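Structure first, commentary second.
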Amino acid sequence: MAQAQKITPRAKDFGEWYNDVVMQAELADYSPVRGCMVIRPHGYRLWELMQGALDAMFKATGHQNAYFPLFIPMSFLAKEAEHVEGFAKEVALVTHTRLMATGKTGPQALMPDPESALEEPLVVRPTSETIIYAMFAKWIHSYRDLPLLMNQWCNIVRWELRTRLFLRTTEFLWQEGHTAHASEAEAEAEARQMLGVYRTFQEEWMAMPVITGRKTESEKFAGALCTYAVEALMQDNKALQAGTSHNLGQNFAKAFNVQYQTAAGGLEYVWNTSWGVSTRMIGGLVMTHSDDNGLVCPPKLAPVQAVIVPIWKSDEEKSQVLSVGEKLKAELTQAGIRVELDARDSLKPGAKYFEWEAKGVPLRLEIGPRDVAAGQVMAARRTGGKAPAGLEGIRAAVTAALAEIQAGLFQSAKDRRETHSIRGVTKQRFIEFMKGTGGFAYGGFCGSGACEAEIKQETAATVRVLPDPEFRSPEPPKTCMWCGKPSVAEAVWAQAY
RNA sequence: CGGGGCGUAGCGCAGUCCGGUAGCGCGUCUGGUUUGGGACCAGAAGGUCCCGGGUUCAAAUCCCGGCGCCCCGACCA
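See below:
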């Protein structure tokens, strides 16, 4: 195990700091493939925990998992006009099925066999609406087949110009839910419901507060009627779109001819929704909680929730503390706590502390001879503070500490967000804010794309969402903070990832 | 595709200006002593100096041409 280098001080550069945290927490590594990261076991475990929690929520709302192909015929993408336009610039294509030797050496030793060119290239899915609705068309005949509620966990590829570990990689892991309904109202309710699921997961599990709302025309999903999103504010005051849920209307149903017979005997197109969250959430988690000592992982998602670090001098002490450590580990494991005992004798305790801190473990339990004598452990929290805890009743104490840490992380993230949110902005104030610290700026919006474009041009800020009622200011703004025309909705602007 | 930085041991870097035997720290391996906040001593292993060409008695270093990576932009349902 390589010793972690010091994390770059945050003052240096947020991007480099972020990379350091990810790398030193051993969440991911760069790969030889452009823009594609390798998710290391520690990061993948985090993803599995996220999957587990989300999947249970999907099942609880009646969804089933299925799997659809990685390859999509190019013509499928072309069937929905807006959808093509949105994704045409960022897809990977399979054009050949064989390689041939060139007789050269090195990288040029092989080339695609021209004879094996596909008549119709295959697109590596950038999202699966097209292939899934092509199947829905086969499966849905009657109103009795509705609603059809599906989800798939998979990888997708988007050929972005610039990539960033977890936040925007060429290939990434996600889930995409796809549903078909008999009415517009039902589809709308589904899209809203799943947005709520994302919010619950991100707030309760990731301890990452979000604001929910609707995207503007310019920011909505290619092919959707309406896009809803959860948006979080990172520590550098840039916004992260952490999940989206789309009411697709009948756009894809019409493109793929997904029709059903109504109870009355008529033929109708279905109403679709799609919704997704990705490994980007891991990036969001890192940027929300971590500090200059490394990752800070919220307890509910921490691959290791507590680490036991034994301390000894003599062999006698070693066997003593290890035996207490083993017992403690067994007891906590039985209580459903993910716990590790770090019995390595190649490292001094201090070195172990730094290593586990960099990996974000919420709670460290130190056991030395003095603790054994006193029937206690020293419990140190990743978020600060260290106090003795009696071995008697340790399960309850650890459970309570983890819950407190979880709640504390959410609260401080929320406080930080509110500190960096301003309301009722004027144009002048808005420009200063975006040039300065940045954050969420709430203000009136005329709804015009021209205003949006101009704001982006001048301040790099975009409308993150038109917030849901809960997040709106008490006094609805009357005029657009930029052009002064009547406001049609309050908007939340920020510079974003 | 623009701006900046970089490519030398597993990792982090110095050496490049001013050409002359390939270096340092960390890690790794052996042995010993250690262990309550990044242990210490002794020894050892580990290199196409990103690639190709050129100049030169001699190139990590100079010249020409490529490639790749990171950060910041542009792009990004």
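Sequential numbering of the first sequence, starting at 0, is according to numbering that gives the first Met the number 0.
By construction, the Cβ of each residue, glycine as well, lies at the ideal position given by its N, Cα and C atoms.
All values derive from a computational prediction rather than experimental measurement.
By the three-class DSSP mapping on this structure, what secondary structure does residue i have?
i	result
Val257	coil
Ser127	coil
Leu465	strand
Thr418	helix
Met233	coil
Phe200	helix
Met0	With a pLDDT of only 26 at Met0, under the threshold of 50, the placement of this residue in the model should not be trusted; the figure read from the coordinates follows. Met0 falls in the coil class under three-state DSSP.
Ser115	helix
Leu160	coil
Glu185	helix
Val20	helix
Glu216	helix
Ala241	strand
Ser141	strand
Ala252	helix
Leu121	strand
Leu147	strand
Arg471	coil
Ala190	helix
Pro297	coil
Met207	coil
Ala133	helix
Arg343	coil
Ala10	A caution first: Ala10 carries a pLDDT of 47, below 50, which makes its placement in the model unreliable, though a value can still be read off. DSSP places Ala10 in coil when its eight states are reduced to three.
First and last residue of the alpha helix (DSSP H) that includes residue i?
i	result
Arg279	279-288
Ile454	448-458
Val320	314-333
What residue does the beta strand (DSSP E) around residue i start on, and which one ends it?
i	result
Ile71	70-72
Gly443	439-444
Ile210	210-213
Val303	No beta strand (DSSP E) holds Val303; DSSP gives it neither H nor E.
Ala495	Here Ala495 belongs to no beta strand (DSSP E), and DSSP marks it neither H nor E.
Glu339	338-340
Taking DSSP's pairing of strands, which residues face residue i in a bridge?
i	result
Asn154	Leu172
Cys225	Asn246
Tyr268	Gln258
Trp481	DSSP lists no partner for Trp481.
Glu489	Gly443
Gly275	Glu175, Thr243
Pro309	Ile366
Would you mind giving the Cβ-Cβ distance between residue i and residue j, rounded to the nearest angstrom? I have them listed as a contact below 8 angstroms.
i	j	result
Glu489	Gly442	7 angstroms
Val269	Leu148	That belief does not hold up - the Cβ atoms of Val269 and Leu148 are roughly 12 angstroms apart, past 8 angstroms.
Arg463	Glu79	That pair is no contact at about 25 angstroms.
Pro298	Leu401	4 angstroms
Asn244	Met193	Note that residue 244 is Ser in the sequence shown, not Asn. Right, their Cβ atoms sit about 5 angstroms apart.
Gly248	Leu232	About 30 angstroms; that fails the 8 angstroms criterion.
Ala471	Pro208	Just to set this straight, residue 471 is Arg in the shown sequence, not Ala. That pair is no contact at about 16 angstroms.
Ala24	Gly293	6 angstroms
Ile281	Leu26	7 angstroms
Leu121	Val93	4 angstroms
May I ask you to check if the CB of residue i is nearer than 8 angstroms to at least one heavy atom of the ligand ATP?
i	result
Trp311	The model on display carries no ligand, and the ligand ATP is accordingly not part of it.
3-residue-minimum beta strand (DSSP E) runs that sit fully inside the segment 24-112, ordered along the chain | Counting only runs of 3 or more, we get 27-29, 36-38, 70-72, 92-95, 98-100, 109-111.
At 3 residues or longer, and completely inside the segment 348-434: list those beta strand (DSSP E) runs for me, N to C.
-> You should have 362-366, 375-380, 385-389.
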